[in-house]
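Using my numbering, read the sequence shown as starting at 297 and increasing by one per residue.
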Amino acid sequence: MNELIELQNGSDIRGIAIETAEYPANLTPAAMKKIASGLIHWLKKRVEQSENRQLKIGVGRDSRLSGETLKEALVTSLVEQGVDVIDFGLATTPAMFMSTQFSEFACDAGIMLTASHLPFYYNGVKIFSQTGGAEHEDIVEITTNIEPVVATEKGQVIKADLITPYAADLVNKIRQGIEGQPEQPLKGLKIIVDAGNGAGGFFAEKVLQPLGADTTGSQFLEPDGAFPNHIPNPDNKEAMASIQQAVLREQADLGVIFDTDVDRSAVVTKSGQVLNRNNLIAVLSRIVLKEHPGTSIVTNSPTTDHLKVFIESLGGKQVRYISGYR
297 MNELIELQNG SDIRGIAIET AEYPANLTPA AMKKIASGLI HWLKKRVEQS
347 ENRQLKIGVG RDSRLSGETL KEALVTSLVE QGVDVIDFGL ATTPAMFMST
397 QFSEFACDAG IMLTASHLPF YYNGVKIFSQ TGGAEHEDIV EITTNIEPVV
447 ATEKGQVIKA DLITPYAADL VNKIRQGIEG QPEQPLKGLK IIVDAGNGAG
497 GFFAEKVLQP LGADTTGSQF LEPDGAFPNH IPNPDNKEAM ASIQQAVLRE
547 QADLGVIFDT DVDRSAVVTK SGQVLNRNNL IAVLSRIVLK EHPGTSIVTN
597 SPTTDHLKVF IESLGGKQVR YISGYR
């Protein structure tokens with residue numbers, strides 16, 4: 297029996313990486329080696345390779361306790377099967393996609409080890425090619441076609457910092473998107489970041505501060521996979537209460553909270569009001585449609601019909617798409 301089938305989770309792979317009293321571990325180093333084989337078979341069908349070029353895969357992880365062990369197993373197996381690997385260490389899900397887009401890395405695929413907002417004993421695998429995220433049928437293929445690849449020569453591993461160029465790219469895009477392209481458009485604003493001890497702590501120092509924001513009072517920026525303060529989840533009541541209190545205590549203009557792998561966020565206004573999910577999209581839609589009248593707003597499928605009515609009332613069009621990374 298192929299035990300990887302039970303790890304299929306829509307458009308990614310998830311399982312128990314740390315055994316508990318209730319659950320045995322099923323996302324293990326041995327499982328990661330099989331996933332590596334499936335990744336190679338899947339990617340070879342989608343990448344044009346010359347005879348002299350090996351596949352290149354970037355690998356990153358969030359702050360979970362199991363992340364380093366699983367990453368090492370994945371990297372070792374990829375290299376043994378002839379793949380060149382860039383080990384990015386601590387990373388985020390959006391950054392790992394950008395590892396396939398940045399010319400200095402040009403990865404054929406980016407692999408992020410994370411289980412998003414789930415408890416510490418979980419982990420998982422999110423997969424990106426240069427054209428976008430894996431979908432359900434890709435995950436099925438990757439977890440079933442797991443015969444080891446026989447390589448004529450091993451790949452190589454290099455370590456690289458992805459977060460610094462990724463953060464710089466965000467800063468540049470924000471500056472370019474503001475009229476007059478000011479160096480510090482956030483000067484005079486105090487913004488609290490709550491990373492929940494996930495991978496998003498860099499956002500205060502490397503994104504907001506260069507844009508001029510005062511991030512004094514930001515909390516839980518250090519990676520800690522035990523998540524000692526609260527679960528890094530913008531939908532968690534305890535997490536949201538924590539950043540609300542921080543914003544009010546610090547008399548900040550805004551608070552931003554991230555999930556573990558920094559592909560979801562919510563904000564808190566200076567009065568302590570939470571903007572999340574539909575409300576946050578509504579605010580962003582109003583801004584975008586003011587600058588680009590009549591444009592389409594793409595949202596994921598869990599958004600409500602009320603949001604559709606709101607967007608259309610502003611002259612826009614809502615395009616709903618399934619949750620995932622494509």
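C-beta atoms are modelled at their ideal positions from N, C-alpha and C, and glycine is treated no differently.
- The DSSP assignment places 453-455 and 487-490 as complete runs of the beta strand (DSSP E) inside the stretch 449-505, in order along the chain (cut-off: 3 residues).
- Val564 and Val558 have their C-alpha atoms roughly 16 angstroms apart.
- Counting along the chain, Lys586 sits inside the alpha helix (DSSP H) bounded by residues Arg573 to Glu587.
- For Asp308, the closest alpha carbon among the candidates Ser412, Asp404 and Asp383 is that of Ser412.
- In the DSSP secondary-structure assignment, Arg545 is not bridged to any residue.
- Exclusion of the five residues before and after Gln505 leaves Thr511 as the residues of its chain whose Cβ lies within less than 8 angstroms of its Cβ.
- Annotation for Ala522: Leu361 and Phe416 place their beta carbon closer than 7 angstroms to its own, counting only its chain and skipping 5 residues before and after.
- If the five residues before and after Leu386 are omitted, its C-beta is found closer than 8 angstroms to the C-beta atoms of Gly356, Arg357, Asp358, Ser359, Ile459, Ala495 and Pro519, all from its own chain and listed in chain order.
- Secondary structure of Gly363 (DSSP, three-state): helix.
- When the Cα atoms are used, Arg616 and Lys340 turn out to be separated by approximately 31 angstroms.
- A distance below 6 angstroms between beta-carbons, with the five flanking residues on each side excluded, links Thr600 to the following residues of its chain, in chain order: Asn574.
- At least 7 angstroms separates the beta-carbon of Val489 from that of Ile336.
- The beta carbon of Ser514 sits closer than 6 angstroms to the beta carbons of Ile488, Val489 and Ala500 from its chain, once the five residues preceding and following it are set aside; these are given in chain order.
- The beta strand (DSSP E) runs lying completely inside the stretch 376-462 and spanning 3 residues or more are 380-386, 405-409, 418-425 and 453-455, given in chain order.
- C-alpha of Ile474 to C-alpha of Gln480: approximately 10 angstroms in a straight line.
- Taking a contact as a CB-CB distance under 8 angstroms, the pair Trp338 and Glu437 counts as one, their CB atoms being some 5 angstroms apart.
- Secondary structure of Gln569 (DSSP, three-state): coil.
- In the DSSP assignment, Val605 falls within the alpha helix (DSSP H) that extends over Asp601 to Ser609.
- For the 7 angstroms CB-CB criterion, Phe393 and Gly406 form a contact.
- Taking 7 angstroms as the cut-off, the Cβ atoms of Lys486 and Ala542 do not count as close.
- Each residue's CA atom was taken as its position, placing Leu466 and His588 some 21 angstroms apart.
- Going by DSSP, Gly334 is part of the alpha helix (DSSP H) stretching over Pro325 to Lys340.
- If you look at Thr595, you'll find it in the beta strand (DSSP E) that goes Ser592 to Asn596.
- The C-alpha of Ile423 is placed about 6 angstroms away from the C-alpha of Ala430.
- Met328 has its alpha-carbon roughly 37 angstroms from the corresponding atom of Ile470.
- When the five nearest sequence neighbours on each side are left out, the beta carbons in the same chain lying within less than 6 angstroms of the beta carbon of Gly363 are those of Arg357 and Leu409, in order along the chain.
- Using a 10 angstroms sphere on the CB of Thr440, the tally of other CB atoms stays under 16, which defines it as exposed.
- The closest CA to that of Arg349, considering only Ala313, Leu303 and Lys450, is found on Lys450.
- Collapsing the DSSP output to three states places Gln515 in a strand.
- Within a 10 Å sphere around the beta-carbon of Asp531 sit fewer than 16 other beta-carbons, which makes this residue exposed.
- By the CB criterion at 7 angstroms, Ile382 and Ala456 fall inside the cutoff.
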